[in-house]
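**Q**
2 protein chains.
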Amino acid sequence: MRGVVLHAPGDVRVEERDQPVIVEPTDAVIRLSATCVCGSDLWPYRGIERVKKPVPMGHEYVGIVEQVGSEVRTIRPGQFVVGSFFAADTPCEICRSGYQTSCVQRQPGAATGGQAEYTRVPLADGTLVATPDLPDDDLIPSLLAASDVLGTGWFGAVAAEVGPGKTVAVVGDGAVGLLGVLAARQLGAARIIAMSRHESRQKLALEFGATDIVTERGDEGVAQVKELTGGLGAHSVIEAVGTQESMMQAIGSTRPGGHVGFVGVSHGVEVPGGKLFYSHVHLHGGPAPVRRFLPELIELIYAGTINPGKVFDLTLPLDQAAEGYRAMDERRAIKALLRP
Amino acid sequence: MRGVVLHAPGDVRVEERDQPVIVEPTDAVIRLSATCVCGSDLWPYRGIERVKKPVPMGHEYVGIVEQVGSEVRTIRPGQFVVGSFFAADTPCEICRSGYQTSCVQRQPGAATGGQAEYTRVPLADGTLVATPDLPDDDLIPSLLAASDVLGTGWFGAVAAEVGPGKTVAVVGDGAVGLLGVLAARQLGAARIIAMSRHESRQKLALEFGATDIVTERGDEGVAQVKELTGGLGAHSVIEAVGTQESMMQAIGSTRPGGHVGFVGVSHGVEVPGGKLFYSHVHLHGGPAPVRRFLPELIELIYAGTINPGKVFDLTLPLDQAAEGYRAMDERRAIKALLRP
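Protein chains in written order, with my numbering: chain A, 108 to 447; chain B, 108 to 447.
1) Hey, quick one: how far does the alpha helix (DSSP H) through V111 (chain B) stretch, first residue to last?
2) Is there a C-beta anywhere in chain B that falls below 7 Å from the one on G154 (chain A)?
3) Short of 6 Å in beta carbon distance, which residues of its chain neighbour Q351 (chain B), apart from the five on each side in sequence? Order them along the chain.
4) Can you give the beta carbon distance from V288 (chain A) to G316 (chain A), rounded, assuming they're within the 8 Å contact cut?
5) From the DSSP output, in three-state form, read off E131 (chain B) for me.
6) Kindly indicate which three-state DSSP category F192 (chain A) falls into: helix, strand or coil?
7) Does the beta carbon of I320 (chain B) fall short of 6 Å from some heavy atom of the ligand SAH?
8) Across which residues does DSSP place F187 (chain A) in a beta bridge pair?
9) May I ask which residues mark the beginning and end of the beta strand (DSSP E) holding G340 (chain B)?
10) Between P363 (chain A) and chain B, is the shortest Cβ-Cβ distance under 7 Å, so that the two count as touching?
11) Roughly how many whole angstroms lie between the Cα atoms of G349 (chain B) and V119 (chain A)?
12) I'd like to know whether the C-beta atoms of I299 (chain A) and T322 (chain A) end up nearer to each other than 7 Å.
13) Specify, as a first and last residue, the run of the beta strand (DSSP E) that G146 (chain A) falls within.
14) So with CB distances below 7 Å, who are the chain A contacts of E200 (chain B)?
15) Could you tell me which of A:P132, A:S249, A:R203, A:G368 sits nearest to Y168 (chain A), measuring between CA atoms?
16) Flag this pair as yes or no: are the beta carbons of H387 (chain B) and Y206 (chain A) separated by less than 7 Å?
17) Is the CB of E377 (chain A) under 7 Å away from at least one CB in chain B?
18) By the 8 Å beta-carbon criterion, what residues does the segment 377-398 of chain A contribute toward chain B?
19) Nearest-angstrom Cα distance between R439 (chain B) and K333 (chain A)?
20) If you drop the 5 nearest sequence neighbours on each side, which residues of the same chain put their C-beta closer than 6 Å to that of G233 (chain B)?
21) Considering just the uninterrupted stretch of the alpha helix (DSSP H) at R292 (chain B), what are its terminal residues?
22) Can you check DSSP and say which residues form a bridge with T422 (chain B)?
23) Helix, strand or coil: how does DSSP classify Q427 (chain B) here?
24) Quick check: the segment 133-141 of chain B against the segment 421-441 of chain A, are there 3 or more CB pairs under 8 Å?
25) Any contact of the segment 202-222 of chain B with the segment 157-166 of chain B, i.e. 3+ C-beta pairs under 8 Å?
26) For P116 (chain A) and P151 (chain A), which I take to be in contact (beta-carbon distance under 8 Å), what is that distance rounded to the nearest angstrom?
27) Anything in chain A within Cβ reach of S373 (chain B), meaning under 9 Å, just list it in chain order.
28) Less than 7 Å between CB atoms is the rule here; does S303 (chain B) satisfy it with respect to chain A?
29) Out of B:R213, B:L149, B:T226, which one is the CA nearest neighbour of A429 (chain B)?
30) Could you tell me whether the Cβ of A168 (chain A) comes closer than 7 Å to any Cβ of chain B?
31) Note the first and the last residue of the continuous alpha helix (DSSP H) segment covering Y48 (chain A).
32) What residue from A:V329, A:R124, A:R109, A:V397 has the CA that sits closest to A266 (chain A)'s CA?
33) Taking all protein chains shown into account, do 16 or more other C-beta atoms lie within 10 angstroms of the C-beta of P127 (chain B), making it buried, or fewer, making it exposed?
34) Going straight from the alpha carbon of I408 (chain B) to that of M302 (chain A), what length do you get?
35) From the beta carbon of Y206 (chain A), is the nearest beta carbon of chain B less than 7 Å away?
36) Tell me the rounded alpha-carbon separation between D426 (chain B) and R183 (chain B).
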């Protein structure tokens, strides 16, 4: 089968790779209907995370179950499934508390790489959620978004305790930030301030429910959010970047007693304790337990209530994955969908 | 009047100072019945915080109202009152959300120093809470504890989302940590792990409701807490020190999805973003909004349900304040009460 391998920063290749097979009796193998490039794939692509050896890429995936191991109970061949980027067993105490991405058995969800024709998924019963039927083709981008970026933006909003009547600010206008806007809207926010400097992303933010746009960053961005909120800051702030600047922008934009939900994968961030202490904010985040939200998100997508697939502004055949990475790296595309 | 002034690290003097007077119409002047030395007073005493000029000390105080300004409405001369270390107006939006220590009008609660015979309290209606009557002398240590260390330990427990059935760990065996144990007990914790290496403090922790003692610190302390909690960590951890080691010990001792309540005043702490991200903990803390809890705490003290005054294991006349500082610095005393 064909699959994407990152050989070195900037060097993405689509290669002939071994067909995945069942290894553990709890595995499933699925034939991918769609996959995509993640903002977090750009960290090694840009050389910010080291690439020590060729790595099969991709952790966002939807597809049709091809085969299951002997101990898989609920997932069946022929089902259309939405995956999670980390595999989890779900009966453990941590999973039951809603933190499947810290499952005691946590491991990569697309064990052999998700940007491929097929992938092997460990702990299939816990990791995969089947859709009610084989979805129409136009639902597939949204279901694919649910497998990571939508679930991540949603967790950011939940971690930031977004709720009815609240003012929310979103730091970051990538797919996760934009879907954080969508989540905030669904969760009843009264006002949603999207922090974005890019016109096409501002447009999508407004479409997803943003009520205000702030183009400034850093201290100036914080000052703008304060000005829009009577000098106090937002109740809830979603941090969807993962840099020192974005984290400080998020903390600074939050009112005392407010909540920061941070879902940008942290790179080199150091939160100064004194600043955090006197900020009086709540800080919560980490790898989104997408699995917690998948049943609800699939329902909202099937009902046509949300259309998160709009974040895919570039669709390419799998063989042109390298162009997908390039377009996202150069910010020509928000997110690239790949069709195996 | 007599009052405590810190001239330089280690140099505490009790001096003749000006009698405080009403400055703003919202002020009160109170005659102090008792005051004490705070763990946070030791930071400048030890030279860890710079002492640029002589500073009047003290921010924990109870006493009798002597005089009020023309705009004070609820506090009256003759009342016995418990103070808060920050003054707050209470009608502002931040106060109403329970974060009086981030009040938009925040200022020191004992404006002229609380380790003295008299002090001036700004925004008296918001800052002071009157007791039902003039309390018996044996209640005074507990009421004094409510003005800071009890309220701070309590906030640590609330910020750590302590609740019925939960396992709680407490990092720090100073007065705040010990009263964090007491708070956890009152809030229904099933199991309370006190982290302490000092026998007298362990004894008080057990008296306040601790069920387990861990003497190890750092990574070994974390390993011990994990071992006591099925490898997962505690649901709720109270951080009551404020150093890098204690903060990392607190984060490491918390299970994914669990809560850290940090109330030790941060000194040189830098929380590594990546570690925080993958820890999946909730982090919340800061200067305790003691005012939020005072009415309830005063009730519990009057009812005899709690006796937080036990943290005072040394009582001295105000004139011997220097010995109180020394005893706490050398860890001969948990907390020194001063009688003006």
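Using N, Cα and C, we set each Cβ at its ideal position, and we do this for glycine too.
**A** The answer reads as follows:
1) Per DSSP, V111 (chain B) lies in no alpha helix (DSSP H) segment; the continuous beta strand (DSSP E) that holds it begins and ends at 109-115.
2) Not a single C-beta of chain B is nearer than 7 Å to the C-beta of G154 (chain A).
3) Excluding sequence neighbours, Q351 (chain B) sits near V376.
4) At roughly 6 Å, the Cβ-Cβ gap stays under 8 Å, so V288 (chain A) and G316 (chain A) are in contact.
5) Under the three-state reduction of DSSP output, E131 (chain B) falls in the coil class, being neither helix nor strand.
6) Looking at F192 (chain A) - three-state DSSP - the assignment turns out to be coil, as it is neither helix nor strand.
7) Within the structure as shown, the ligand SAH is missing, as the structure has no ligands at all.
8) As computed with DSSP, F187 (chain A) is found in a beta bridge with A:I171.
9) No beta strand (DSSP E) contains G340 (chain B), which DSSP labels as neither H nor E.
10) Answer yes: the Cβ-Cβ gap between P363 (chain A) and chain B drops below 7 Å somewhere.
11) Straight-line Cα distance between these residues: approximately 46 Å.
12) In this structure, the beta-carbon distance from I299 (chain A) to T322 (chain A) does not fall below 7 Å.
13) Counting along the chain, no beta strand (DSSP E) covers G146 (chain A), and no H or E run does either.
14) Under the 7 Å cutoff, chain A gives L339.
15) For Y168 (chain A), the nearest C-alpha among the options comes from A:S249.
16) Judged by beta-carbon spacing, Y206 (chain A) lies within the 7 Å limit of H387 (chain B), meaning their Cβ atoms are closer than that value.
17) E377 (chain A) counts as touching chain B.
18) For the segment 377-398 of chain A, which is checked against every Cβ of chain B, the residues closer than 8 Å are E377, V378, P379, G380, G381, L383, F384, Y385, S386, H387, V388, H389, L390, H391, G392, G393, P394.
19) R439 (chain B) and K333 (chain A) have their alpha carbons spaced roughly 47 Å apart.
20) Answer for G233 (chain B): A195, D196, T197, listed in chain order.
21) Counting along the chain, R292 (chain B) sits inside the alpha helix (DSSP H) bounded by residues 282-293.
22) Beta-bridge pairing links T422 (chain B) to B:L444.
23) Helix at Q427 (chain B).
24) Inter-segment contact for the segment 133-141 of chain B and the segment 421-441 of chain A is absent: fewer than three beta-carbon pairs are separated by less than 8 Å.
25) Touching, per the Cβ criterion.
26) Indeed they touch by this definition, with Cβ atoms about 7 Å apart.
27) Listed along the chain, the chain A residues whose CB falls inside 9 Å of the CB of S373 (chain B) are P379, G380, G381, K382, L383, F384, Y385.
28) Taking Cβ atoms only, chain A never reaches closer than 7 Å to S303 (chain B), which makes this a no.
29) For A429 (chain B), the nearest C-alpha among the options comes from B:L149.
30) Just to set this straight, residue 168 (chain A) is Tyr in the shown sequence, not Ala. By this cut-off, Y168 (chain A) is not an interface position.
31) Since the first and last residues shown for chain A are 108 and 447, residue 48 (chain A) lies out of range.
32) Here the closest residue by C-alpha is A:V397.
33) Per the 10 Å Cβ criterion, buried.
34) Using only the alpha carbons, I get a separation of about 48 Å.
35) Chain B contact via Cβ: present.
36) In this structure, the alpha-carbon of D426 (chain B) lies about 29 Å from that of R183 (chain B).
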